[in-house]
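Q: Quick one: this structure, given as structure tokens, is what I'll be asking you about.
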Amino acid sequence: MNVPVLDCSGLVRRFGGRAVVDGVSLSVAPGETYGLLGPNGAGKTTTIRMVCGLLRPDAGTVHVAGRPVTTAAGPAKRLIGFVPQDVALYPDLSVRENLRFFGRLYRLPRRVRERRVDEVLDLVELRERAGDRVDSLSGGMRRRLNIGAGLVHAPTLLVLDEPTVGVDPQSRHAIMESVTRFGQQGMAVLYTTHYMEEAERLCDRVGIIDRGRLVVEGAPRELVSLVAERDRVRLTAVGDLAAYTEACRAFARVGGVARTGERGEVVELVVEDARSLLPGLIALAHDNGVDIRGVEIDEPDLETVFLHLTGTALRE
Numbered sequence: 008m009n010v011p012v013l014d015c016s017g018l019v020r021r022f023g024g025r026a027v028v029d030g031v032s033l034s035v036a037p038g039e040t041y042g043l044l045g046p047n048g049a050g051k052t053t054t055i056r057m058v059c060g061l062l063r064p065d066a067g068t069v070h071v072a073g074r075p076v077t078t079a080a081g082p083a084k085r086l087i088g089f090v091p092q093d094v095a096l097y098p099d100l101s102v103r104e105n106l107r108f109f110g111r112l113y114r115l116p117r118r119v120r121e122r123r124v125d126e127v128l129d130l131v132e133l134r135e136r137a138g139d140r141v142d143s144l145s146g147g148m149r150r151r152l153n154i155g156a157g158l159v160h161a162p163t164l165l166v167l168d169e170p171t172v173g174v175d176p177q178s179r180h181a182i183m184e185s186v187t188r189f190g191q192q193g194m195a196v197l198y199t200t201h202y203m204e205e206a207e208r209l210c211d212r213v214g215i216i217d218r219g220r221l222v223v224e225g226a227p228r229e230l231v232s233l234v235a236e237r238d239r240v241r242l243t244a245v246g247d248l249a250a251y252t253e254a255c256r257a258f259a260r261v262g263g264v265a266r267t268g269e270r271g272e273v274v275e276l277v278v279e280d281a282r283s284l285l286p287g288l289i290a291l292a293h294d295n296g297v298d299i300r301g302v303e304i305d306e307p308d309l310e311t312v313f314l315h316l317t318g319t320a321l322r323e
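With positions in the sequence shown counted from 1, the corresponding number in the numbering used here is that position plus 7.
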């Protein structure tokens, strides 16, 4: 087996006496893309900050390529490329100047730095815009350059925190294609996202974190097998959906319930044998003053697993 590039063991971090991360252990092998998924407040960001040496754990260890990661500058940090969710670039500098700047931060020799800048420009498909100021780029281009800034020093581990938030479909596709190439080239990637289809497409393994604990991990297909014979039902409705959601939680053979949709108008459920259970769910809606306007039934997928294990939808 490959020796892990990233090895986290028993990570704990407390804030105000509460364990925000509680005993998280995970590893990422060379060439592997590992998706860390969890609802808001589950502990993903805190875990990532400890992985990157931006936050000291109260307990546990992080090693990258066998070297301990601490909050102090050290050799392990040079092996990490961190791409935050918020774009961290200098808007009044050009694309090339930004990449040169980040190369200098990592003390790359000038000749190596210029070569890496050219390679990264090709990798993120921005060579034609190399001389343009960042504030003239589209949002998707800035996202791609943000990834480029994390790649310029040729890291062993790339940490991507929701890299496709707010980008157009074309740029999102380009980013996902790039992530796929990183893995093919042997880079280890730790990836967080709020888009389940990204995790299913990109990730070799997925870990689901909830309330600070890693509740399950495995290949997407392995995780889907955990909810075999379960279906996901989406009910679009109007009325007292808060009461209806609570009533559904107590209904027989319902494994998870969440409110989704732009206005919370969709009730999503993980159930056994949706077709036989649907008449009872509709009757329950009527009893709670809810009018069902639409019904969709899906076979199990990674979103179903997430809803089943956490009781929430990923975007909540």
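The C-beta atom is built at its ideal place from N, Cα and C for all residues, glycine as well.
Quick check on Glu204: buried or exposed, where buried means 16 or more other Cβ atoms within 10 Å of its Cβ?
A: As a working mapping, residue 204 is identified with position 197 in the sequence shown. It counts as exposed.
Q: Return the CA-CA distance between Leu128 and Tyr198, expressed in angstroms with no decimal places.
A: As a first step, residue 128 must be located in the sequence shown, where it is residue number 121. As a first step, residue 198 must be located in the sequence shown, where it is residue number 191. Going by the C-alpha atoms only, they are around 22 angstroms apart.
Q: Look at the alpha carbon of Ala265 and the alpha carbon of Gly30, and state the distance between them as a whole number of angstroms.
A: Reading the sequence shown from its first residue, position 258 is the one you call residue 265. Reading the sequence shown from its first residue, position 23 is the one you call residue 30. For Ala265 and Gly30, the distance between alpha carbons rounds to 27 angstroms.
Q: Can you grab the Cα-Cα spacing for the pair Arg25 / Arg239, in whole Å?
A: In the sequence shown, counting from the first residue as 1, residue 25 sits at position 18. In the sequence shown, counting from the first residue as 1, residue 239 sits at position 232. Each residue's Cα considered, the two are about 33 angstroms apart.
Q: Could you tell me the alpha carbon to alpha carbon distance between Leu233 and Gly138, rounded to whole angstroms?
A: On the sequence shown, position 226 is the one that residue 233 refers to. On the sequence shown, position 131 is the one that residue 138 refers to. Approximately 51 angstroms, taken between the alpha carbons.
Q: Enumerate, from N- to C-terminal direction, the unbroken beta strand (DSSP E) stretches of 3 or more residues contained entirely within the segment 207 to 237.
A: Segments of the beta strand (DSSP E) lying fully in the segment 207 to 237: 212 to 217, 220 to 225.
Q: Please report the straight-line C-alpha distance between Val90 and Val124, rounded to a whole angstrom.
A: Locating residue 90 in the sequence shown gives position 83, counting from the first residue. Locating residue 124 in the sequence shown gives position 117, counting from the first residue. If you take the alpha carbons of Val90 and Val124, they lie about 16 angstroms apart.
Q: Output needed for Asp211: all residues of its chain with C-beta closer than 6 angstroms, excluding positions within five of it in sequence on either side, in chain order.
A: Counted from its first residue, the sequence shown places residue 211 at position 204. Excluding sequence neighbours, Asp211 sits near Glu39, Thr40.
Q: Determine the extent of the beta strand (DSSP E) in which Gly262 is found, giving its start and end residues.
A: Here residue 262 is taken as the residue at index 255 of the sequence shown, counted from 1. Start and end: 261 to 267.
Q: Of the choices Glu121, Ala49, Leu44, whose alpha-carbon is the least far from that of Leu167?
A: The residue labelled residue 167 in the question sits at position 160 within the sequence shown. Closest option to Leu167, Cα to Cα, is Leu44.
Q: So, under 8 angstroms CB-CB, Val174 and Val141 are touching, yes? Tell me the CB distance rounded to an integer number of Å.
A: Locating residue 174 in the sequence shown gives position 167, where the first residue counts as 1. Locating residue 141 in the sequence shown gives position 134, where the first residue counts as 1. Not quite, the Cβ-Cβ distance comes to about 15 angstroms (not below 8 angstroms), so this is no contact.
Q: Quick check on DSSP: helix, strand or coil for Tyr41?
A: On the sequence shown, residue 41 is found 34 positions in, with the first residue counted as 1. Of the three classes helix, strand and coil, the one that applies to Tyr41 here is strand, per DSSP.
Q: So which of Val312, Gly110, Ala195, Leu61 has the shortest CA-CA distance to Arg237?
A: Against the sequence shown, residue 237 aligns to sequence position 230. Answer by Cα proximity: Val312.
Q: Please report how far the alpha carbon of Ala83 lies from the alpha carbon of Gln177, in whole angstroms.
A: Position 76 of the sequence shown, counting from 1, holds the residue named residue 83. Position 170 of the sequence shown, counting from 1, holds the residue named residue 177. Each residue's Cα considered, the two are about 34 angstroms apart.
Q: One question on the structure: do Arg151 and Leu133 come within less than 8 angstroms of each other, judged by their Cβ atoms?
A: If you number the sequence shown from 1, residue 151 lands on position 144. If you number the sequence shown from 1, residue 133 lands on position 126. Yes, the pair counts as a contact, with Cβ atoms nearer than the cut-off.
Q: Under a Cβ-count criterion, where at least 16 other Cβ atoms within 10 Å of its own Cβ denotes burial, should Val297 be classed as buried or exposed?
A: By one-based count along the sequence shown, residue 297 stands at place 290. Buried, by the Cβ-count rule.
Q: Assuming the contact rule is C-beta atoms closer than 8 angstroms, Leu316 and Ile215 should be a hit. Round their C-beta distance to whole Å, please.
A: For this step, residue 316 is matched to residue 309 along the sequence shown. For this step, residue 215 is matched to residue 208 along the sequence shown. Rounded, the Cβ-Cβ distance is 6 angstroms, consistent with contact.
Q: Assess, as a yes-or-no matter, whether the segment 8 to 20 is touched by the segment 65 to 79 under the definition of 3 or more beta carbon pairs within less than 8 angstroms.
A: The answer is yes - the segment 8 to 20 touches the segment 65 to 79, with three or more Cβ pairs under 8 angstroms.
Q: Over what stretch of residues does the alpha helix (DSSP H) that includes Phe313 continue unbroken?
A: Here the question's residue 313 lines up with position 306 in the sequence shown. Segment 309 to 317, the alpha helix (DSSP H) holding Phe313.
Q: Going by other Cβ atoms of all chains shown within 10 Å of its Cβ, with 16 needed for buried, is Asp305 buried or exposed?
A: Within the sequence shown, residue 305 is the residue found at index 298, counting from 1. The residue in question, Asp305, is exposed, as its Cβ has fewer than 16 Cβ neighbours within 10 Å.
Q: List the residues that DSSP assigns as beta-bridge partners of Val19.
A: Within the sequence shown, numbered from 1, the residue matching residue 19 stands at position 12. According to DSSP, Val19 bridges with Asp29, Ala66.
Q: Return the residue from the list Val58, His180, Val223, Arg218 that minimises the CA-CA distance to Leu209.
A: Your numbering for residue 209 matches position 202 in the sequence shown. Minimum Cα distance to Leu209 is reached at His180.
Q: What residue range is occupied by the uninterrupted alpha helix (DSSP H) comprising Asp125?
A: The residue you call residue 125 lines up with position 118 of the sequence shown. Asp125 -> alpha helix (DSSP H) spans 117 to 130.
Q: If we count the other Cβ atoms within 10 Å of its Cβ and call it buried at 16 or more, is His293 buried or exposed?
A: Here the question's residue 293 lines up with position 286 in the sequence shown. Looking at its Cβ environment, which holds fewer than 16 other Cβ atoms inside 10 Å, His293 is exposed.
Q: Please state whether DSSP places Arg270 in a helix, a strand or coil.
A: Reading the sequence shown from its first residue, position 263 is the one you call residue 270. Here Arg270 sits in coil by DSSP.
Q: So what does Tyr198 bridge to, in DSSP terms?
A: Taking the first residue of the sequence shown as position 1, residue 198 is located at position 191. DSSP output for Tyr198 lists Gly42, Leu167 as bridge partner(s).
Q: Under 8 angstroms between the Cβ atoms of Glu275 and Leu314?
A: If you number the sequence shown from 1, residue 275 lands on position 268. If you number the sequence shown from 1, residue 314 lands on position 307. Yes, the Cβ-Cβ distance between Glu275 and Leu314 is below 8 angstroms.
Q: Please classify Leu112: is it buried, with 16 or more other beta-carbons within 10 angstroms of its beta-carbon, or exposed?
A: Your numbering for residue 112 matches position 105 in the sequence shown. Exposed, since its Cβ has fewer than 16 Cβ neighbours within 10 Å.
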